[in-house]
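First the structure, in the form of structure tokens, and then the observations on it.
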Amino acid sequence: MQMMQALVERFDRLEQNMRRGFTDLGEKIEALDRKVSALNKNFTTRTRNSVVTHRTVDLSPLYNALTGDMIEAFPRTLGDLESLNST
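Letter by letter, the sequence shown follows residues 2 to 88 in the working numbering.
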């Protein structure tokens, strides 16, 4: 009977470890998905912004690679961006 109880406890620990592992893996996949999504958006944005030649034309904002959120303080126009370089 003790042997059976020991096996049950061992399987319970194994199940807990597997659940924790799957949870960790899921979190890593979600983080990777956010990063890839942001990188794809940023690639498109950089391509769009590369043709901007006038200081008053709006720029498309970049995205944070860790959070996937749009960078709020991103310069709105080429003129705003150039002002950052001069300070």
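No residue lacks a Cβ here, since even glycine has one placed at the ideal position from N, Cα and C. Since the structure is predicted, the reported quantities are computational estimates derived from the model, not experimental observations.
Own chain partners of residue i with C-beta closer than 8 Å, once the 5 adjacent residues on each side are dropped
{"i": "Thr54", "result": "Leu79"}
Residue i - partner residues in DSSP beta bridges
{"i": "Met71", "result": "Tyr64"}
{"i": "Thr59", "result": "This sequence places Asp at residue 59; Thr is not what is there. Partner(s): Thr78."}
Rounded straight-line distance, which links the Cα of residue j to that of residue i
{"i": "Arg77", "j": "Asn18", "result": "48 Å"}
{"i": "Arg49", "j": "Asp25", "result": "36 Å"}
{"i": "Asn1", "j": "Met4", "result": "A query on residue 1 cannot be resolved here, the shown segment of the chain reaching from 2 to 88 and no further."}
{"i": "Val52", "j": "Asp13", "result": "60 Å"}
{"i": "Leu85", "j": "Gly22", "result": "45 Å"}
{"i": "Met2", "j": "Asn41", "result": "58 Å"}
Where residue i falls: helix, strand or coil (DSSP)
{"i": "Met78", "result": "A quick correction: the sequence has Thr, not Met, at residue 78. Thr78: strand per DSSP, three-state reduction."}
{"i": "Ser51", "result": "coil"}
{"i": "Met5", "result": "helix"}
Chain-order list of residues whose beta-carbon lies under 7 Å from that of residue i (same chain, five-residue window excluded)
{"i": "Gly69", "result": "Arg35, Ser38 and Ala39"}
{"i": "Asp59", "result": "Arg77 and Thr78"}
{"i": "Ser61", "result": "Thr46, Arg49 and Asn50"}
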